[in-house]
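A.B. asks: Pasting in a structure now, in structure tokens, and then I'll have a few things to ask.
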Amino acid sequence: MGSEFHASYLDVPPGGGGLKSWIFSTDHKRIAILYLISILAFFFVGAAIGILMRLELIAPGKTLFEPSTYNALFTLHGVIMIFLFVIPGMPAILGNFFLPIMIGAKDVAFPRLNLLSWWIYMAGALLAVASLFTGGGPPDTGWTFYVPYSLRTGTNVTLAVFAAFVLGFSSILTGLNFITTVHRLRAPGMTFFRMPLFVWAHYATAWIQILATPILAITLVLVMAERLFGIGLFDPAKGGDPLLFQHLFWIYSHPAVYIMILPPMGYISEIIPTFAKKRIYGYKAIALSSLAIAFVGYLVWGHHMFTSGMSDTSRWIFSLLTFLVAIPSGVKVFNWVATLYKGSIELEPPLVYVLAFIFLFSIGGLTGLMQGALATDIHLHDTYFVVGHFHYIIFGGAVFAFMAALLYWFPKMTGRMYSKRAVWVALAHQFVGFNMLYFSMLILGMMGMPRRYYDYLPRFQTLHVVATVGSWILVAGLVVLAAALLRALRRGERAPANPWGGVSLEWTIPSPPPEENFSLPPEVGEPYDFSKGPAR
Amino acid sequence: MENRVHIPAGHVLTVWASLLVLTAVTVTVAGLHLGSFSVFTAIAIAAVKASLVLLFFMRLKVEPVIFRVMLLAAAATITVIMALTFADVAFR
Amino acid sequence: MSAAVPAPHTHRDPEVSRIGMWLFLLTEMLLFAGCFLAYAVFRVRYSGDFHFAAQELNLSLGLVNTLVLLTSSLTMVLAIAAMEQGRAGRAAAWTGATIALGAVFLVVKGFEWAAKFRHGIYPNSPALAAAHTPGEQVFYGLYYTLTGLHALHVVIGMVVLAVMLVFVLRAARSAEGEGPGALADRLENAGLYWHLVDVIWIFLFPLFYLIS
Chain A
3 MGSEFHASYL DVPPGGGGLK SWIFSTDHKR IAILYLISIL AFFFVGAAIG
53 ILMRLELIAP GKTLFEPSTY NALFTLHGVI MIFLFVIPGM PAILGNFFLP
103 IMIGAKDVAF PRLNLLSWWI YMAGALLAVA SLFTGGGPPD TGWTFYVPYS
153 LRTGTNVTLA VFAAFVLGFS SILTGLNFIT TVHRLRAPGM TFFRMPLFVW
203 AHYATAWIQI LATPILAITL VLVMAERLFG IGLFDPAKGG DPLLFQHLFW
253 IYSHPAVYIM ILPPMGYISE IIPTFAKKRI YGYKAIALSS LAIAFVGYLV
303 WGHHMFTSGM SDTSRWIFSL LTFLVAIPSG VKVFNWVATL YKGSIELEPP
353 LVYVLAFIFL FSIGGLTGLM QGALATDIHL HDTYFVVGHF HYIIFGGAVF
403 AFMAALLYWF PKMTGRMYSK RAVWVALAHQ FVGFNMLYFS MLILGMMGMP
453 RRYYDYLPRF QTLHVVATVG SWILVAGLVV LAAALLRALR RGERAPANPW
503 GGVSLEWTIP SPPPEENFSL PPEVGEPYDF SKGPAR
Chain B
414 MENRVHIPAG HVLTVWASLL VLTAVTVTVA GLHLGSFSVF TAIAIAAVKA
464 SLVLLFFMRL KVEPVIFRVM LLAAAATITV IMALTFADVA FR
Chain C
294 MSAAVPAPHT HRDPEVSRIG MWLFLLTEML LFAGCFLAYA VFRVRYSGDF
344 HFAAQELNLS LGLVNTLVLL TSSLTMVLAI AAMEQGRAGR AAAWTGATIA
394 LGAVFLVVKG FEWAAKFRHG IYPNSPALAA AHTPGEQVFY GLYYTLTGLH
444 ALHVVIGMVV LAVMLVFVLR AARSAEGEGP GALADRLENA GLYWHLVDVI
494 WIFLFPLFYL IS
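Structural data, given as structure tokens:
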């Protein structure tokens, strides 16, 4: 860095501060913060709804709500968590903040489009909220909007589906921006195979956003057309095919799972080398496995439809292909563990969160294989086992990785350091509560508890109680973490430019970063090279 | 403009004329009652016409390789989606 | 301009915006691919019904529209070429011609749809359900969905070109404003979108009009 003085991106700009300097800013870092605040707000709403659902299920029969309310709650929980939290949240928050910095760029390729995509996100979110209070009331179809029920129900499915369509636009624009940025704005010397694995992961994710989201868009358009004009493509009475909906829906929604998990895999690949002070093991394998996961992710959607009445031929083909995903995912997990091997490990909060991630993600992965196998899936399909598996992957995987990443980059983003003791308390609660909540679900599923049910047999109650109590502990952990970070914003110690001894480009600039990121073109060397000591 | 290669106006007119001829061909062939073969020819001719538009009107021919690679990724995705859906539909 | 809103491109790189445009076009292709997938599934299931239903479509109107759109692609190319040579007046004329051809396409399409509506053939109509097999109903469902979605894209393309036309006309009147190079780049991106609409029609035409 040059010695001249630079204003941080958080400083009040010369044109005046206030809300306007944020919601009309085209600075990728400010936009990242906008995403962070709005998306986490929805996360807490979604979590609150989850708590209410668990509360209802603490005993068989009616506890708090009518069955129809419960149906609306689980739909809402799914729609908020999927479309308003994980899909936009994983790439758009940290990707926006760090992707340009990590390749030595001043901003993304299309800064105004970047701001537009946040606005479109907010518009979609507003429409989703509006769908609760207008028309026939909150949708009760589940987040998957399966036909024919979604065509017949009197609830406000049309608006909710339109909201998801709008949110898809936002996702596409982010993907488009990231791909163009990676291709055209890399600093001199930053070749593809010198990019941090974080960037590779976001690049692969962006391709999924570009190539899969339009399929969801057309599916949702067809559902709207069906409800408004009665086109008939999904309606068996008119010669249509409900299974076609499921195909189209999962052609997007399976790759969408990789939109949720690939960026977190990128976070992990940054955090582990920094705290092992060691070059990442198998750099190229991890980089290319991101693209491999993105591609293979397209081939496996049929495993969501094993019990739908699909042809036997396609069932075994999809089952076989599903096992292929385990290969690139396994490459990553083994390479991370191999990086830790004989490293000089510092057990700082981000790394411990990563270790929790590896444990939970492995359970998620292995339970995934059980459902990928055709025969066992017939038993497990549409039970709590699926719910448990999904939360191990997305919450235990993606969200734990996200928390690790937030703790890793928090000092960089805010210029403040948080209380590590509070973080240990938070993690202990989260880990215990998480496993109580979701491992119970795995067992319940094996015992035959179907998902989405309002009521259940008395013999399932013990595990339901364990799960509900677990949900309280888990949320307590989340609240402690949120409180610790909020407190650090005001009272935390000043963070140095490179608190963890990282070597990627974001650690070469001050915390918080100056508005222009770099005053001089950054020097680019081999990635993960710890031999020269921490970046300065 | 910078160092971009241009497609001469004469070529553009030739491409347009070829598109019209191919349209005539596909209409004629459709009238021949070739059975299931006619779908195949119709799509093949459409693919040739689309390629002409992509390569010359949309200048893919003179763009850097990466543009064609990107298009190929989309084409591969569409192919995979079609093929795997038919693994179900064709055997149901 | 306040410092919170820094100028996006101080250094102009037309390839950046072209990559962005192409990526957007890929999403449009995938959008229609979803429709074509539905078409393929039903076409295999109801090939006989599709054969009969397609006979009721008006081949000559479809053919006219094909020629109109192909020609509009040509005028688009000519508009961009003129702009690149700095001849804004000529570029404006060709852009206007492209918009006009788009309008012709929509008018023809309108007549075609209107004729079908008069025969009671439209989605969810009693006549469609009473006098047609499920396969034929699906054919019309696809016909309206795909041609409707395509027509919507024609409209969007025309709006984009109309906005470009305003810029080009402004450039023709005065030497001020952005240089012809920057304007040609933007016109080219608008043109890419217009050509894509043409490419999609190239596939729609045989799939609906040439299978009887």
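Residue numbers (the numbering used here), protein chains in the order written: chain A, 3 to 538; chain B, 414 to 505; chain C, 294 to 505. Glycine included, every Cβ here is placed at the ideal spot set by N, Cα and C. Just so it is clear, the structure is predicted and the values come from calculations on it, not from any experiment.
Residue 497/A and residue 541/A - do their beta-carbons sit closer together than 9 Å?
C.D. replies: Only positions 3 to 538 of chain A appear in the structure, and residue 541/A is not among them; the question remains open.
A.B. asks: At which residues does the alpha helix (DSSP H) containing residue 99/A begin and terminate?
C.D. replies: Within the first sequence, numbered from 1, the residue matching residue 99/A stands at position 97. Counting along the chain, the alpha helix (DSSP H) containing residue 99/A begins and ends at 96-104.
A.B. asks: Can you give the Cα-Cα distance for residue 299/A and residue 461/C, rounded to whole angstroms?
C.D. replies: The residue you call residue 299/A lines up with position 297 of the first sequence. The residue you call residue 461/C lines up with position 168 of the third sequence. Roughly 45 Å separates the two Cα atoms.
A.B. asks: Using the Cα positions of residue 57/A and residue 179/A, report the straight-line distance between them to the nearest angstrom.
C.D. replies: Position 55 of the first sequence, counting from 1, holds the residue named residue 57/A. Position 177 of the first sequence, counting from 1, holds the residue named residue 179/A. Answer to the nearest angstrom: the Cα atoms are 42 Å apart.
A.B. asks: Going along chain B, which residues have a C-beta under 8 Å from residue 427/C?
C.D. replies: Start at 1 with the first residue of the third sequence, and residue 427/C comes out as number 134. What residue 427/C touches in chain B: nothing, since even the nearest Cβ is about 16 Å away.
A.B. asks: Grouping DSSP H, G and I as helix and E and B as strand, with all else coil, what is residue 380/C?
C.D. replies: Counting from one through the third sequence, the residue named residue 380/C turns up at place 87. In this structure, residue 380/C counts as coil in the three-state DSSP scheme.
A.B. asks: Where do the ends of the alpha helix (DSSP H) carrying residue 464/B lie?
C.D. replies: The residue given as residue 464/B occupies position 51 in the second sequence. Taken as a continuous stretch (DSSP letters only), the alpha helix (DSSP H) holding residue 464/B covers 449-465.
A.B. asks: So is residue 555/A buried or exposed if we call it buried at 16+ other beta carbons inside 10 Å?
C.D. replies: This structure leaves residue 555/A out entirely; chain A is present only between 3 and 538.
A.B. asks: For residue 272/A, which of helix, strand or coil comes out of DSSP?
C.D. replies: Start at 1 with the first residue of the first sequence, and residue 272/A comes out as number 270. Three-state DSSP puts residue 272/A in a helix.
A.B. asks: Once you ignore the five residues that flank residue 483/C on each side, which residues in its own chain have a CB closer than 7 Å to its CB?
C.D. replies: Indexing the third sequence from 1 puts residue 483/C at position 190. Excluding positions up to five away in sequence, the list reads 453, 454, 457.
A.B. asks: Run the CB neighbour count on residue 140/A, radius 10 Å, all protein chains shown included, and call it buried at 16 or more, exposed below.
C.D. replies: Start at 1 with the first residue of the first sequence, and residue 140/A comes out as number 138. Residue 140/A is buried by the Cβ-count criterion.
A.B. asks: Please name the residue, chosen from 486/B, 495/B, 501/B, that lies closest to residue 210/A on a Cα-to-Cα basis.
C.D. replies: On the first sequence, position 208 is the one that residue 210/A refers to. The option with the nearest alpha carbon to residue 210/A is 486/B.
A.B. asks: Go ahead and pull the three-state DSSP assignment for residue 348/A.
C.D. replies: The count along the first sequence starts at 1 and reaches residue 348/A at position 346. Of the three classes helix, strand and coil, the one that applies to residue 348/A here is coil, per DSSP.
A.B. asks: Can you find a C-beta in chain B that's less than 9 Å from the C-beta of residue 304/A?
C.D. replies: Within the first sequence, residue 304/A is the residue found at index 302, counting from 1. Closer than 9 Å: yes.
A.B. asks: Looking at residue 97/A and residue 207/A, is the spacing between their C-beta atoms short of 9 Å?
C.D. replies: Your numbering for residue 207/A matches position 205 in the first sequence. Your numbering for residue 97/A matches position 95 in the first sequence. Yes. Within cutoff.
A.B. asks: Taking only three categories from DSSP, how would you classify residue 515/A?
C.D. replies: Position 513 of the first sequence, counting from 1, holds the residue named residue 515/A. Three-state DSSP puts residue 515/A in coil, outside helix and strand.
A.B. asks: Using the rule of at least 16 other Cβ atoms within 10 Å of the residue's Cβ for burial, across every protein chain shown, is residue 404/C buried or exposed?
C.D. replies: By 1-based counting over the third sequence, the position of residue 404/C is 111. Exposed: under 16 other Cβ atoms inside 10 Å.
A.B. asks: Please classify residue 385/A: does DSSP put it in a helix, a strand, or coil?
C.D. replies: Here residue 385/A refers to the residue found at position 383 of the first sequence. Of the three classes helix, strand and coil, the one that applies to residue 385/A here is strand, per DSSP.
A.B. asks: Hey, how far is the Cα of residue 534/A from the Cα of residue 353/A?
C.D. replies: Residue mapping note: residue 534/A aligns to position 532 of the first sequence, counting from 1. Residue mapping note: residue 353/A aligns to position 351 of the first sequence, counting from 1. In a straight line, the C-alpha of residue 534/A is about 22 Å away from that of residue 353/A.
A.B. asks: Counting beta carbon pairs with one atom in the stretch 523-530 of chain A and one in the stretch 347-355 of chain C, are three or more of them shorter than 8 Å?
C.D. replies: No, the stretch 347-355 of chain C is not in contact with the stretch 523-530 of chain A.
A.B. asks: Strictly by DSSP, which residues pair up with residue 69/A?
C.D. replies: Counting from one through the first sequence, the residue named residue 69/A turns up at place 67. Note: residue 69/A sits in no beta bridge, so no partner.
A.B. asks: Within the 9 Å Cβ cut-off, does residue 303/C reach chain B?
C.D. replies: The count along the third sequence starts at 1 and reaches residue 303/C at position 10. Low confidence applies to residue 303/C: its pLDDT is 46, below 50, so where it sits in the model is not reliable enough to give any reading.
A.B. asks: Within 10 angstroms of its Cβ, does residue 259/A collect 16 or more other Cβ (buried), or is it exposed?
C.D. replies: As a position in the first sequence, residue 259/A is number 257, starting the count at 1. Buried, because 16 or more other Cβ atoms sit within 10 Å of the Cβ of residue 259/A.
A.B. asks: Quick one: what's got a C-beta closer than 7 Å to residue 433/A's C-beta in the same chain, skipping five residues either side?
C.D. replies: Along the first sequence, read from residue 1 onward, the residue named residue 433/A stands at position 431. Cβ within range, chain order: 358.
A.B. asks: Taking Cβ to Cβ, would you say residue 327/C is nearer than 9 Å to residue 219/A?
C.D. replies: In the third sequence, counting from the first residue as 1, residue 327/C sits at position 34. In the first sequence, counting from the first residue as 1, residue 219/A sits at position 217. Cβ atoms of residue 327/C and residue 219/A: closer than 9 Å.
A.B. asks: Is residue 349/C helix, strand or coil when you go by DSSP?
C.D. replies: As a working mapping, residue 349/C is identified with position 56 in the third sequence. Coil, per DSSP.
A.B. asks: Leaving aside the five residues before and after residue 408/C along the sequence, list all residues of the same chain whose C-beta is less than 8 Å from its C-beta, in chain order.
C.D. replies: Within the third sequence, numbered from 1, the residue matching residue 408/C stands at position 115. Hits under 8 Å: 351.
A.B. asks: Within the 9 Å Cβ cut-off, does residue 431/B reach chain A?
C.D. replies: Position 18 of the second sequence, counting from 1, holds the residue named residue 431/B. Answer no: the Cβ-Cβ gap between residue 431/B and chain A never drops below 9 Å.
A.B. asks: Looking at chain C, which residues of the stretch 433-449 of chain B have a Cβ within less than 7 Å of any of its Cβ atoms?
C.D. replies: The stretch 433-449 of chain B vs chain C, Cβ under 7 Å: 433, 436, 439, 440, 443.
A.B. asks: Helix or strand or just coil, what does DSSP make of residue 297/C?
C.D. replies: Here residue 297/C is taken as the residue at index 4 of the third sequence, counted from 1. The pLDDT assigned to residue 297/C is 35, lower than 50, so where the model puts this residue is not dependable, and the model offers no usable value.
A.B. asks: Determine the DSSP secondary structure at residue 496/A, reduced to helix, strand or coil.
C.D. replies: What you label residue 496/A is simply residue 494 of the first sequence in a count that begins at 1. Note: residue 496/A maps to strand in three-state DSSP.
A.B. asks: Leaving out five residues on either side along the sequence, give the residues of the same chain with a beta carbon under 7 Å from the beta carbon of residue 405/A.
C.D. replies: Start at 1 with the first residue of the first sequence, and residue 405/A comes out as number 403. Excluding sequence neighbours, residue 405/A sits near 355, 483.
A.B. asks: Classify residue 152/A: buried if its beta carbon has 16 or more other beta carbons within 10 angstroms, exposed otherwise.
C.D. replies: Numbered from its first residue, the first sequence carries residue 152/A at position 150. Buried, since its Cβ has 16 or more Cβ neighbours within 10 Å.
A.B. asks: Out of 538/A, 169/A, 104/A, 338/A, which one is the CA nearest neighbour of residue 195/A?
C.D. replies: Position 193 of the first sequence, counting from 1, holds the residue named residue 195/A. Residue 195/A has its Cα closest to that of 104/A, out of 538/A, 169/A, 104/A, 338/A.
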